[in-house]
Structures are given as structure tokens and as C-alpha cells.
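K.L.:
Numbering (the numbering used here), first residue to last: 14 to 691.
Starting off with a structure, shown below.
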Ligand SMILES: Cc1ncc(C[n+]2csc(CCOP(=O)(O)OP(=O)(O)O)c2C)c(N)n1
């Protein structure tokens with residue numbers, strides 16, 4: 014192995030040696046502890062340390078790195094205390110994730126390390142978002158993210174590289190090509206000659222290097238970092254290496270030809286570097302031994318501290334409290350230019366307040382106004398979505414925005430939903446707020462993993478919030494067929510960590526969107542397409558919020574209660590208007606996660622007969638959840654079984670007659686009559 018020190022001093026060479034030795038020696042110790050049953054799972058990076066260590070040392074301490082499961086060297090090179098890391102690996106409360114996450118699935122803001130989720134590829138787009146923040150601020154920084162050879166087959170790899178290329182982002186993408194993805198050899202993973210060849214397809218630069226040569230890794234990444242910052246472009250680096258142990262310790266290595274170990278054993282990154290340092294007279298053999306002894310003693314001391322952590326004290330309240338980030342500002346509803354009233358003191362729902370300066374607006378205008386006022390209010394707010402810039406978006410909601418706010422903040426995206434959600438999260442890491450417009454709520458399926466597993470869980474996992482709103486143009490009634498009309502809110506209400514809001518009036522559309530943007534948590538904002546231009550109402554001119562988690566009483570009544578949201582509110586109102594003989598109590602939920610249980614309770618108490626109405630299909634819809642809650646908590650108030658009127662359990666069809674039949678509305682009268690007659 015040829016080492017080239019270039020202008021590195023002896024001290025720097027030694028410091029690099031200490032850097033690569035530490036993860037090697039920690040791992041050797043971990044393997045012992047694993048055999049003793051003191052840690053549960055271990056993904057060894059033995060043989061690959063030069064990549065994580067060399068890369069981290071080449072970056073500035075305050076530049077974000079997104080490591081994977083074999084990158085202990087990132088964590089040690091960022092000088093995370095080993096005692097705390099050890100507590101993390103043991104699942105202890107004093108670890109980096111309060112015992113909620115395993116091995117390297119955590120991050121630390123203090124160390125600018127963003128931990129992985131198991132799914133591997135989603136790491137990559139987060140690096141895009143961080144780099145976008147650097148770019149927007151003109152920071153001279155780059156982000157760096159790792160993937161294995163297996164991970165390059167994921168769509169996330171493609172999307173993240175594509176976005177970084179199209180947006181000219183300073184991201185360093187590192188592929189650790191270690192020959193296998195679990196048991197799958199590279200010959201069954203990809204067909205191109207080298208993975209770095211993929212750079213050409215994205216129109217970016219790339220290089221393949223010896224990943225076992227720490228000086229080569231260090232020097233390359235230093236140079237690439239300069240390139241990325243200076244040219245404002247991404248770069249792909251393929252580091253050739255080998256996984257010297259099994260995928261994880263329990264999985265064995267039977268599928269690897271033994272001669273590979275022999276061959277790559279000769280290329281061990283630590284041993285080769287040691288030989289080089291001795292041959293260059295940078296260190297003597299005894300100095301080397303001294304460094305090893307010091308490292309061993311450091312590890313032993315830290316492990317001792319790490320082992321002293323007490324047993325896990327389970328605190329359910331703390332667990333529940335840590336699912337959502339707390340909002341730091343007070344949260345205002347602004348009703349009047351001169352009057353600012355804290356949300357908690359407002360007795361009336363804002364949408365029922367006849368504000369002197371409220372003018373009649375359409376639902377879509379309420380959304381547009383919320384976005385517009387929020388862009389002014391938050392200079393750190395970025396909107397991303399397909400065709401949202403010059404074109405103004407599929408529904409023209411952001412028309413004119415690019416002129417006013419510029420293309421840096423109103424960002425057209427390639428058709429890369431997953432990476433855009435990931436990039437939105439990356440922006441959060443750097444203190445930005447992001448809104449992503451899903452062109453249609455249906456397309457959230459291709460960004461699903463990032464929403465469900467990254468946005469929703471990151472705060473609970475390691476305290477990093479995801480300040481992201483995903484706008485979801487949803488619903489049917491427009492003859493658009495199975496992939497442009499779905500009601501998919503229930504996919505998200507089942508996920509702790511998300512908030513789900515769903516306005517039905519123009520005033521709520523505005524106030525809830527502003528509240529969603531001000532909320533530090535990920536919010537799925539459902540906007541019903543059929544309401545965009547068909548529903549109008551008074552919308553205060555001011556910048557105001559409608560509190561998330563508070564339902565709205567639409568009308569009080571004595572005969573039956575209809576609990577609903579979105580288009581269902583208009584169906585219920587319509588029905589009530591056409592049936593003046595029935596006194597209907599209508600509750601508009603406005604937020605589906607968290608639910609307003611007090612308001613639901615009041616609605617049950619008002620009539621004792623409850624109908625849950627939604628456009629979503631029946632099985633697994635939010636109506637079932639609410640019905641169960643009512644049965645458990647309001648049983649003695651009920652005079653009839655709780656009923657659900659939902660859309661047919663079929664995909665939503667295209668033909669208008671079929672769609673009409675599909676819709677819950679077509680069965681509303683039947684259910685109301687059933688309930689009344691009970
Ligand atoms: C989406 C997804 N599919 C499958 C897995 C299971 N899995 C975990 S690691 C791994 C192999 C990854 O290979 P590679 O990207 O080459 O990284 P390496 O483990 O070799 O470092 C697999 C298949 C997973 N975690 N996530």
C-alpha cells in the first residue's frame with residue numbers, strides 16, 4: 014500500500030493514527046463484550062475504519078455527517094465520550110437516545126452527527142437538506158453522507174444524488190464498497206463496472222479510491238470538500254474496501270470465499286498505516302505500543318464509567334411527552350391589528366368570529382394567504398414542490414411567489430418525493446422551516462418512508478425536531494380516479510410523532526396552515542381539492558392561527574351528532590339544511606392527530622346519538638378509532654350504537670357515477686335515518 018503524506022506533519026500523521034486505532038480497539042473490546050452478552054447487536058466496521066475516520070477528520074467539526082451502521086470512526090473522530098456511547102449501545106437511559114434506539118441509530122446536534130434509520134438510503138437526502146441550508150446562507154461548508162454498496166440500489170440513492178446535482182448542493186456522497194450487502198455480493202447488486210460510474214449519469218464528478226488507505230481517504234476528501242464548497246456542487250466517492258467480519262456478529266461469513274479474507278487481510282488499514290509510520294520513522298515500535306497502551310487504558314476507564322449506569326427507570330409520562338417537540342413561542346391568534354390574544358384565552362373558535370376586516374374568500378385563497386404571510390413572517394421558510402415556482406403549482410396556489418420571494422425559497426423539485434421530504438428534514442437540522450407541496454396527497458406513498466420513519470420519529474429518538482409541513486391536496490368528487498383522489502389521512506394518524514390537520518373552511522384553512530408552519534413538529538396538512546374553489550367564507554386579513562388539536566362546533570342540535578371533518582362538514586351542513594325537521598349537532602374535528610376528546614365528549618353528550626362521517630373508506634378509517642374511544646369513555650351517554658358512514662371499501666373509481674356511489678355522502682341519509690329510528 015502506497016502512502017503519500019504530502020504536507021502532513023509528523024504530529025498530524027500520529028493524530029491520524031490515534032484516530033484510526035481507537036475504533037479498531039473499541040471494536041475488539043466490543044466483540045468480547047458481545048460474547049459476554051453485555052451488548053446485543055454489533056455491526057463490525059473492522060477493516061473499513063480508514064473511511065469513516067479519514068472522512069470525518071477531513072471535514073470541519075461543525076459540518077454535518079450522516080453515518081451508517083459501520084461508521085464507529087465517525088463517532089469517535091467527533092470525540093463523543095466513549096462512556097456515553099457505551100451506554101447508548103447498552104440501551105441505557107444515559108445514552109444518546111435515552112434507551113430508545115439501538116447501536117448507531119441516533120444523532121447528536123452537539124457533534125453535528127445525524128444518525129441513521131434502519132432503512133439506510135434515507136440518510137442521503139438529509140445531507141441534501143443540510144447542504145441546501147449551507148448554500149442558502151452562503152456558508153463555506155459541505156455535508157457528508159455514507160452509503161454501502163447495497164444502499165446504492167435503493168431509490169433514495171438515486172433521488173438524493175439527483176437533487177444534489179440539480180440544485181448544485183455541496184454534498185459529499187461516500188460509497189463504502191465492501192463487497193457485500195448482508196450476503197449479497199456486488200455482482201448481484203449492480204451491473205455497472207464501478208459504482209462511481211453512476212456519477213456520470215447525474216452529471217456530477219466522481220472518483221474511486223482505495224478505502225483502506227487512510228491518507229488517501231483523508232487527502233481526497235479534503236480536496237473534494239474544497240471542490241464542493243468552491244464550485245457549489247456535489248461529488249461521489251467510491252471507497253474500495255472489504256468487510257472483514259459478518260454482516261453483524263450473529264450472521265457469520267460462510268458465504269464469503271476464505272481467500273478474500275486472506276487477500277484483504279494483507280490490506281488491513283491499521284496495520285499498513287502502522288508499518289508506514291515505522292518505515293518513515295514517524296513512530297518507533299515502542300512509541301506505537303505506548304499509544305496502544307494509552308488507548309486501551311482510555312477504553313477501559315470509559316467502559317467502567319459506562320457500566321455504572323443504573324437500571325432503566327421507565328417513566329410513561331416522559332415517554333409520551335418526548336414524542337413531540339414543545340413549541341417555544343407563545344402562539345398567537347391575531348384578531349385585530351391592535352389586539353394580540355394568546356391562543357389559550359380565546360374562547361370562541363376564530364373561524365366563527367365575524368372579524369370586521371374579514372373578507373369573503375375561497376378555500377384556496379385561505380391557503381395561499383397563509384403561505385404568503387408565513388413567507389414574510391419567517392425568512393427561514395422554504396417551500397419545495399413540483400412545478401411550484403414559475404408555473405405556480407398544479408393548483409396555482411403559489412402563483413406569483415417566485416417573483417416575490419425568489420427561486421431560492423420557492424423551489425421547483427424533480428419528481429423525487431422521498432428525497433424532498435428528506436431534504437426538508439435536513440433543513441430542520443440547520444434551523445430552517447420547510448413546506449413540501451405533494452402535488453397530490455396520493456404521491457405521499459413515494460415519500461412515505463421519510464415521513465413515517467424519519468420525520469415522525471426523529472424527535473423521540475434523539476431530540477432533533479422536524480420542522481416540516483407536508484401539504485396534501487386530497488380527496489375525490491373531482492372524477493380523477495384511484496391515484497388522484499384518495500383519502501389517505503388515516504395512514505398518518507396511526508403514526509405517533511406526526512400531527513394531522515384537515516380544515517373545512519377558508520378561515521380554518523388559513524389559520525391551521527399558519528399554526529402548522531409555526532409548529533416545530535411535522536404536520537400533514539390535508540387540503541381537500543374539491544373545496545378549493547367551491548367553498549367561500551369570511552377570512553380575516555390578519556396573520557392568525559387556529560389552534561391545532563381544537564375541534565369546531567359547527568351547529569348545535571338535539572337529535573343526533575355528526576362528527577366529521579373536511580368535505581364531510583359540508584355534507585353534514587347540506588344535509589341539515591335539507592332536513593330542517595332534524596336537529597343536528599355538527600362537530601368539525603379540524604385536527605385528526607391529536608384529536609379533541611373534550612369536544613367529542615360534548616358532541617356525544619349533546620344528543621346521545623353519534624354518527625361518524627368521513628370520505629375515507631370504512632375499515633381502518635379514523636371513524637373507527639373515535640367510535641372505540643366513545644364506547645370506552647362515553648358509554649353511559651349513548652342512546653344508540655355509534656355509527657360510521659364512510660366511503661366504500663374499494664379504491665376510488667374514475668367514472669363520476671361510480672365515484673358518487675363510492676362516496677360516503679350517498680349513504681348519509683340511510684345512516685341518519687337508522688340512527689334517528691334507533
Ligand atoms: C430498506 C432496507 N432493506 C433491507 C434492510 C436489511 N439490511 C440491513 S443492512 C443490509 C445490507 C446493507 O448493505 P450495504 O449497503 O452494502 O452496507 P454494509 O452493511 O455492507 O455496510 C440489509 C440488506 C434494511 N435495513 N433496510
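Where is the CB? At the ideal position from N, CA and C, for every residue including glycine.
May I ask you to check if the CB of residue 189 is nearer than 7 Å to at least one heavy atom of ligand 1?
P.N.:
Residue 189 sits at position 176 when you count from the first residue of the chain shown. Flag set: Cβ of residue 189 near ligand 1.
K.L.:
Which term fits residue 583, buried or exposed, when burial requires 16 or more other beta carbons within 10 angstroms of its beta carbon?
P.N.:
Taking the chain shown and counting its residues from 1, the one referred to as residue 583 is at position 570. Buried, by the Cβ-count rule.
K.L.:
Quick check: the stretch 232-246 against the stretch 158-169, are at least 3 beta-carbon pairs closer than 8 Å?
P.N.:
no
K.L.:
Going by other Cβ atoms of all chains shown within 10 Å of its Cβ, with 16 needed for buried, is residue 127 buried or exposed?
P.N.:
Working through the chain shown from its first residue, we reach residue 127 at position 114. When all chains shown are included, residue 127 counts as buried.
K.L.:
To the nearest angstrom, how far is the alpha carbon of residue 520 from that of residue 488?
P.N.:
By one-based count along the chain shown, residue 520 stands at place 507. By one-based count along the chain shown, residue 488 stands at place 475. Spanning the two alpha carbons is a distance of roughly 19 Å.
K.L.:
How is residue 295 classed by DSSP in three states: helix, strand or coil?
P.N.:
For this step, residue 295 is matched to residue 282 along the chain shown. Coil, per DSSP.
K.L.:
Do you know offhand how far residue 363's Cα is from residue 560's?
P.N.:
By one-based count along the chain shown, residue 363 stands at place 350. By one-based count along the chain shown, residue 560 stands at place 547. Confidence in residue 363 is poor, its pLDDT being 46 and thus under 50, which makes the residue's placement too unreliable to answer from.
K.L.:
In the DSSP assignment, what are the bridge partners of residue 599?
P.N.:
Counting from one through the chain shown, the residue named residue 599 turns up at place 586. Bridge partners of residue 599: 568 and 575.
K.L.:
In whole angstroms, what is the alpha-carbon distance linking residue 632 and residue 661?
P.N.:
By 1-based counting over the chain shown, the position of residue 632 is 619. By 1-based counting over the chain shown, the position of residue 661 is 648. Taking the straight line from one Cα to the other gives about 9 Å.
K.L.:
Counting Cβ pairs, one atom from each stretch, are 3 or more of them under 8 Å apart for the stretch 116-124 and the stretch 132-145?
P.N.:
no
K.L.:
Starting from residue 198, follow its DSSP beta bridges and name the residues at the other end.
P.N.:
Looking up residue 198 in the chain shown gives position 185. Secondary-structure assignment with DSSP links residue 198 through a beta bridge to 193.
K.L.:
Expressed to the nearest angstrom, what Euclidean distance is found between the alpha-carbon atoms of residue 532 and residue 339?
P.N.:
Translated into positions along the chain shown, residue 532 becomes position 519. Translated into positions along the chain shown, residue 339 becomes position 326. Across the structure, residue 532 and residue 339 are spaced so that their CA atoms are roughly 8 Å apart.
K.L.:
Let me know if residue 622 comes out buried or exposed under the rule of 16 or more other beta-carbons within 10 Å of its beta-carbon.
P.N.:
Residue numbering aside, residue 622 sits at position 609 when the chain shown is read from its first letter. By the neighbour-count rule (16 or more Cβ atoms within 10 Å), residue 622 is buried.
K.L.:
Mind checking whether residue 407 and residue 463 have CB atoms under 8 Å apart?
P.N.:
Within the chain shown, residue 407 is the residue found at index 394, counting from 1. Within the chain shown, residue 463 is the residue found at index 450, counting from 1. Result no, Cβ atoms of residue 407 and residue 463 do not sit closer than 8 Å.
K.L.:
On the three-state DSSP scale, how would you describe residue 159?
P.N.:
As a position in the chain shown, residue 159 is number 146, starting the count at 1. If DSSP states are grouped into helix, strand and coil, residue 159 belongs with the strands.
K.L.:
Starting from residue 372, follow the beta strand (DSSP E) in both directions and report where the run begins and ends.
P.N.:
Here residue 372 is taken as the residue at index 359 of the chain shown, counted from 1. Element bounds for residue 372: 372-375.
K.L.:
Could you tell me which residues DSSP puts in a beta bridge with residue 701?
P.N.:
Since the displayed the chain opens at 14 and closes at 691, residue 701 lies outside it and no answer follows.
K.L.:
Can you list, in chain order, the residues of its chain with a C-beta nearer than 7 Å to that of residue 503? Leave out the 5 residues immediately preceding and following it.
P.N.:
Along the chain shown, read from residue 1 onward, the residue named residue 503 stands at position 490. Excluding residues within five positions, the ones whose Cβ falls inside 7 Å are 629, 633, 634 and 635.
K.L.:
Report the option in 586, 518 and 491 whose CA atom is closest to the CA atom of residue 543.
P.N.:
Within the chain shown, residue 543 is the residue found at index 530, counting from 1. The residue with the shortest Cα to Cα distance from residue 543 is 491.
K.L.:
By the three-class DSSP mapping on this structure, what secondary structure does residue 395 have?
P.N.:
Stepping through the chain shown from its first residue, residue 395 is reached at position 382. Here residue 395 sits in strand by DSSP.
K.L.:
Would you report the Cα separation of residue 3 and residue 71, rounded to the nearest angstrom?
P.N.:
No answer is possible for residue 3: the residues shown for the chain start at 14 and end at 691.
K.L.:
With a Cβ-Cβ cutoff of 8 Å, do residue 449 and residue 483 count as a contact?
P.N.:
One-based indexing of the chain shown puts residue 449 at position 436. One-based indexing of the chain shown puts residue 483 at position 470. Yes, these two residues count as a Cβ contact at 8 Å.
K.L.:
With burial defined as no fewer than 16 other Cβ atoms inside 10 Å of the residue's Cβ, what is the status of residue 495: buried or exposed?
P.N.:
Your numbering for residue 495 matches position 482 in the chain shown. Taking a 10 Å sphere around the C-beta of residue 495, we find fewer than 16 other C-beta atoms and assign the residue as exposed.
K.L.:
Assign residue 535 to buried or exposed, taking buried as 16 or more other Cβ atoms, counted over all protein chains shown, within 10 Å of its Cβ.
P.N.:
For the purposes of this step, residue 535 is taken as residue 522 along the chain shown, with counting starting at 1. Classification for residue 535: buried.
K.L.:
What residues match up with residue 186 in a beta bridge as DSSP calls it?
P.N.:
Position 173 of the chain shown, counting from 1, holds the residue named residue 186. Per DSSP, 158 and 249.
K.L.:
Got a sec, what are the start and stop residues for the beta strand (DSSP E) residue 455 sits in?
P.N.:
Stepping through the chain shown from its first residue, residue 455 is reached at position 442. From DSSP, residue 455 is part of no beta strand (DSSP E); its letter is neither H nor E.
K.L.:
For residue 257, which residues of its own chain have a beta-carbon under 6 Å away from its beta-carbon, when the five flanking residues on both sides are left out?
P.N.:
One-based indexing of the chain shown puts residue 257 at position 244. So the list reads 59 and 60, once near-sequence residues are dropped.
K.L.:
Step through the CB atoms of chain D and report whether any lies within less than 8 Å of the CB of residue 652.
P.N.:
No chain D appears in this structure, which consists of one protein chain only.
K.L.:
Taking DSSP's pairing of strands, which residues face residue 111 in a bridge?
P.N.:
Translated into the one-based positions of the chain shown, residue 111 becomes position 98. In the DSSP output, where bridge partners are listed per residue, residue 111 has none listed.
K.L.:
Are residue 469 and residue 441 touching if we call contact CB-CB under 8 Å?
P.N.:
By one-based count along the chain shown, residue 469 stands at place 456. By one-based count along the chain shown, residue 441 stands at place 428. Going by C-beta atoms, residue 469 is not nearer than 8 Å to residue 441.
K.L.:
Give the straight-line distance between the Cα atoms of residue 591 and residue 666, rounded to the nearest whole angstrom.
P.N.:
As a position in the chain shown, residue 591 is number 578, starting the count at 1. As a position in the chain shown, residue 666 is number 653, starting the count at 1. Cα to Cα, residue 591 sits roughly 27 Å from residue 666.
K.L.:
Mind checking whether the beta-carbon of residue 314 lies closer than 7 Å to any heavy atom of ligand 1?
P.N.:
Sequence index remark: in the chain shown, residue 314 carries index 301 (1-based). No, the beta carbon of residue 314 sits no closer than 7 Å to any heavy atom of ligand 1.
K.L.:
Identify which residue in 454, 538 and 508 has its Cα closest to the Cα of residue 498.
P.N.:
The residue you call residue 498 lines up with position 485 of the chain shown. With distances taken between Cα atoms, residue 498 lies closest to 454.
K.L.:
What is the rounded straight-line gap between the Cα of residue 38 and the Cα of residue 95?
P.N.:
In the chain shown, counting from the first residue as 1, residue 38 sits at position 25. In the chain shown, counting from the first residue as 1, residue 95 sits at position 82. Taking the straight line from one Cα to the other gives about 12 Å.
K.L.:
What residues in its chain sit with their C-beta under 6 Å from that of residue 680, if we drop five residues either side in the sequence?
P.N.:
Here residue 680 refers to the residue found at position 667 of the chain shown. Closer than 6 Å at Cβ, skipping near neighbours: 658.
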